[in-house]
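S.K.: Counted the way the working numbering counts, the sequence shown spans residues 483 to 748. Each residue gets a CB set at the ideal place from its N, CA and C atoms; glycine is no exception.
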Amino acid sequence: MSELLRNPAALFDIRGKVAIVTGASGAFGSLAARVLAAAGARMVLAAGNAEELERTAAACREVGAEVATVCRRPNAEADCEAIMDTAAGRFGGVDILAVGSGLNDPCPIVDMSPQRFESVMSGNVTGAWLLCRAFGRRAIAQGRGGKVILMSSARGKLGHPAGYSAYCASKAATDGLTHALGCEWGKYGITVNAIAPTVFRSALTAWMFEDTEKGRATREGMLARIPLGRLGEPEDLAGPLLFLASRASDFHTGHTLYADGGYTAG
């Protein structure tokens, strides 16, 4: 029996790894940063909101993590290169990339302008593609493998009646990018996977958890389709995140992992 099987918890050990988290001021990015920092990773956090970025950085430092920040969104090649340069300059390399940046802009397709559609696609797909390219160049050159975690959604698989034509298309494209890079980078020991939640508690979704007429109606409609009978909590994403960032997932790549209480199973 290998030493890792004698001590299975060691499979999830990421102490000393260099983790880049983008969208670190948002719900998923902030959570990813806190989880990876608490697990012992050295952190490079990127976001466009300087105040929220520093709040996330402070939370990571509180658990003893070394943290560097970059106040930039992955809107262009230069932004992504600056993020990678920060990791290389501060910590000597890159090991983990968690892409938490993205957006939604619900609108009926008949009313949506091409510019609004392209904005969602750019924020959710092009930015992730640029980050992956920049990360891949560094990780391949280093020759020690790497971990990429993209942010998908149950909406990459399922439609939504509330004007989600851009968002659903962008998350389906995220799944496609996950599959493609999982195949392309396997020979380098770089795994590429995506986490796809349904609704989980955050500042943006707090109203769905409240005891108001709108909150109850929306929540009950969702719960009718979630076999586990509840909406998601941040802790429900922490386990999949650590799994995909660690050696525990070394034989898993090109997958979209649904953290949705069974929502997409039915």
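Please state if the CB of Thr746 and the CB of Lys669 are separated by a distance shorter than 7 Å.
M.R.: As a working mapping, residue 669 is identified with position 187 in the sequence shown. As a working mapping, residue 746 is identified with position 264 in the sequence shown. Result no, Cβ atoms of Lys669 and Thr746 do not sit closer than 7 Å.
S.K.: Output needed for Ala519: all residues of its chain with C-beta closer than 6 Å, excluding positions within five of it in sequence on either side, in chain order.
M.R.: Position 37 of the sequence shown, counted from the first residue, corresponds to residue 519. These residues qualify, in order along the chain: Met525, Cys542, Val545, Ala547.
S.K.: Check whether the segment 500 to 511 touches the segment 568 to 583, counting contact only when three or more Cβ pairs, one atom from each stretch, lie closer than 8 Å.
M.R.: yes
S.K.: Taking only runs that begin and end inside the segment 683 to 739, name each unbroken alpha helix (DSSP H) of 4 or more residues, in chain order.
M.R.: 695 to 705, 717 to 727
S.K.: Between which two residues does the alpha helix (DSSP H) holding Gly658 run?
M.R.: Locating residue 658 in the sequence shown gives position 176, counting from the first residue. Per DSSP, the unbroken alpha helix (DSSP H) holding Gly658 starts and ends at 647 to 666.
S.K.: For Glu695 and Ala644, what's the separation of their Cα atoms in angstroms?
M.R.: Working through the sequence shown from its first residue, we reach residue 695 at position 213. Working through the sequence shown from its first residue, we reach residue 644 at position 162. About 18 Å.
S.K.: Identify, in the order they occur along the chain, each residue of the same chain with its Cβ nearer than 8 Å to the Cβ of Leu585, setting aside the five sequence neighbours on each side.
M.R.: By one-based count along the sequence shown, residue 585 stands at place 103. If we look at Leu585 and ignore the five residues flanking it on each side, its Cβ neighbours are Ser601, Val602, Gly605, Asn606.
S.K.: Using only alpha-carbon positions, find the residue among Pro709, Ala685, Leu713, Ser684 that is nearest to Arg698.
M.R.: In the sequence shown, the residue the question calls residue 698 occupies position 216. Comparing Cα positions, the closest option is Leu713.
S.K.: With a 10 Å radius around its C-beta and 16 neighbouring C-beta atoms as the bar for buried, classify Trp667 as buried or exposed.
M.R.: The count along the sequence shown starts at 1 and reaches residue 667 at position 185. Counting Cβ neighbours within 10 Å, Trp667 comes out buried, since at least 16 surround it.
S.K.: Put Thr680 into one of helix, strand or coil per three-state DSSP.
M.R.: The residue given as residue 680 occupies position 198 in the sequence shown. Coil.
S.K.: Do you know offhand how far Pro709's Cα is from Asp567's?
M.R.: For this step, residue 709 is matched to residue 227 along the sequence shown. For this step, residue 567 is matched to residue 85 along the sequence shown. Between Pro709 and Asp567, the C-alpha separation is close to 44 Å.
S.K.: Taking the alpha-carbon of Thr458 as reference, which of Gly658, Leu659, Glu715, Ile672 has the nearest alpha-carbon?
M.R.: The question about residue 458 has no answer, for the chain in this structure spans 483 to 748.
S.K.: Considering Ala550, what are the terminal residues of the beta strand (DSSP E) in which it resides?
M.R.: Numbered from 1 along the sequence shown, position 68 holds the residue referred to as residue 550. Counting along the chain, the beta strand (DSSP E) containing Ala550 begins and ends at 549 to 552.
S.K.: Please go through the segment 532 to 606 and give each complete beta strand (DSSP E) segment of 3 or more residues, from N-terminal end onward.
M.R.: Taking 3 residues as the shortest admissible run, the segment 532 to 606 contains the following complete beta strand (DSSP E) segments, listed from N- to C-terminal end: 549 to 552, 578 to 581.
S.K.: So, helix, strand or coil for Gly638, using DSSP?
M.R.: Start at 1 with the first residue of the sequence shown, and residue 638 comes out as number 156. Helix, per DSSP.
S.K.: Looking only at its own chain, which residues have a Cβ that is under 6 Å from the Cβ of Val549, when we skip the five neighbours before and after it?
M.R.: Stepping through the sequence shown from its first residue, residue 549 is reached at position 67. For Val549, where only same-chain residues beyond five positions count, the Cβ hits under 6 Å are Met525, Ala539, Cys542, Arg543.
S.K.: Tell me whether Val517 is buried or exposed, calling it buried when 16 or more other Cβ atoms sit within 10 Å of its Cβ.
M.R.: Along the sequence shown, one-based indexing puts residue 517 at 35. Label assigned to Val517: buried.
S.K.: Would you identify the three-state DSSP class for Ile672, choosing helix, strand or coil?
M.R.: Here residue 672 refers to the residue found at position 190 when the sequence shown is read from its first residue. Looking at Ile672 - three-state DSSP - the assignment turns out to be strand.
S.K.: Could you please give me the residues that DSSP links to Leu527 through a beta bridge?
M.R.: The count along the sequence shown starts at 1 and reaches residue 527 at position 45. Leu527 pairs with Val503, Thr551.
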